[in-house]
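Peer 1:
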Amino acid sequence: MIVYVGDANNILNDMLVTYPRLGHQLRVASPPAYRAPTEEAEKAERLQAFEGYQVTEQLCQERGANPGWKLMHCLPRKQNEVDDEVFYGPRSLVFPEADNRKWTIMALFDNLSGKWAHGIPPRDQKKEDDDD
């Protein structure tokens with residue numbers, strides 16, 4: 004059984020869709036209308052402190068980035084972190100990275116739960132027809 008305690012967010016939504024398909028039980032503990040503790044004034048102050056640090060083509064050129072630089076981001080993208088030109092442009096590896104992360108995490112949870120993934124037993128078990 005897998006237990007999730009925390010904010011009802013996009014990660015929880017993915018878990019609710021994926022884990023039952025893998026045969027896992029998921030238990031959730033999330034307060035109703037829970038919101039991460041962020042004050043609006045604190046948020047505005049932090050955004051102002053990072054002004055000028057948004058990842059843009061211009062910033063990377065001015066700061067001497069390798070001409071072949073690529074963008075990776077763990078998602079979700081927060082306001083003003085990366086401009087749309089870079090985030091959705093040819094330098095972005097964000098979506099392939101996210102897709103690969105999804106499959107990696109699914110395999111990890113499937114293995115940790117002790118269930119067989121696609122007929123492959125966990126390392127500490129052998130198939131019945133294996134010889135010693």
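What the sequence shown shows, in the working numbering, is residues 4 to 135, in sequence order.
For glycine and all other residues, C-beta sits at the position ideal for the given N, C-alpha and C.
Keep in mind it's a predicted model, so treat the numbers as computed, not measured.
1. On a CA-only basis, which of K46, V85 and Q28 is nearest L74? Give me that one, please.
2. State buried or exposed for D113, treating a residue as buried only when at least 16 other CB atoms are found within 10 Å of its CB.
3. Sort out for me which residues DSSP pairs S95 with in a bridge.
4. Within the same chain, show all residues whose beta-carbon is closer than 6 Å to that of I5, passing over the 5 residues directly before and after it, in chain order.
5. Looking at E60: is its Cβ nearer than 8 Å to the Cβ of V89?
6. Name the residue from F53, A44, Q82 and R94 whose alpha carbon lies nearest to the alpha carbon of A68.
7. Look at the alpha carbon of L25 and the alpha carbon of Y56, and state the distance between them as a whole number of angstroms.
8. Take P23 and list the residues in its own chain whose beta-carbon comes closer than 8 Å to its own, dropping the five residues that flank it on each side.
9. By the DSSP assignment, the beta strand (DSSP E) with A32 in it spans what residues?
10. Figure out for me which residue from T21, R66, N12 and G9 has the closest Cα to the Cα of I108.
11. Nearest-angstrom Cα distance between N12 and L62?
12. In this structure, does DSSP put Y7 in helix, strand or coil?
Peer 2: According to the structure data:
1. Counting from one through the sequence shown, the residue named residue 74 turns up at place 71. Closest option to L74, Cα to Cα, is V85.
2. Residue 113 sits at position 110 when you count from the first residue of the sequence shown. Buried: at least 16 other Cβ atoms inside 10 Å.
3. Along the sequence shown, read from residue 1 onward, the residue named residue 95 stands at position 92. DSSP output for S95 lists L74 as bridge partner(s).
4. Start at 1 with the first residue of the sequence shown, and residue 5 comes out as number 2. Only H27 and L29 meet the Cβ criterion.
5. Walking along the sequence shown from the start, residue 60 turns up at place 57. Walking along the sequence shown from the start, residue 89 turns up at place 86. Against a cut-off of 8 Å, the Cβ pair of V89 and E60 comes out as a contact.
6. In the sequence shown, the residue the question calls residue 68 occupies position 65. Selected option, being the one with the closest Cα: R94.
7. Numbered from its first residue, the sequence shown carries residue 25 at position 22. Numbered from its first residue, the sequence shown carries residue 56 at position 53. Computed Cα separation, rounded: 41 Å.
8. Translated into the one-based positions of the sequence shown, residue 23 becomes position 20. So the list reads L29, once near-sequence residues are dropped.
9. For this step, residue 32 is matched to residue 29 along the sequence shown. L29 to A32 is the extent of the beta strand (DSSP E) around A32.
10. As a working mapping, residue 108 is identified with position 105 in the sequence shown. Checked all of T21, R66, N12 and G9; the closest Cα to I108 is T21.
11. The count along the sequence shown starts at 1 and reaches residue 12 at position 9. The count along the sequence shown starts at 1 and reaches residue 62 at position 59. Spanning the two alpha carbons is a distance of roughly 32 Å.
12. In the sequence shown, residue 7 corresponds to position 4, counting from 1. The answer is strand: DSSP assigns Y7 an E or B state.
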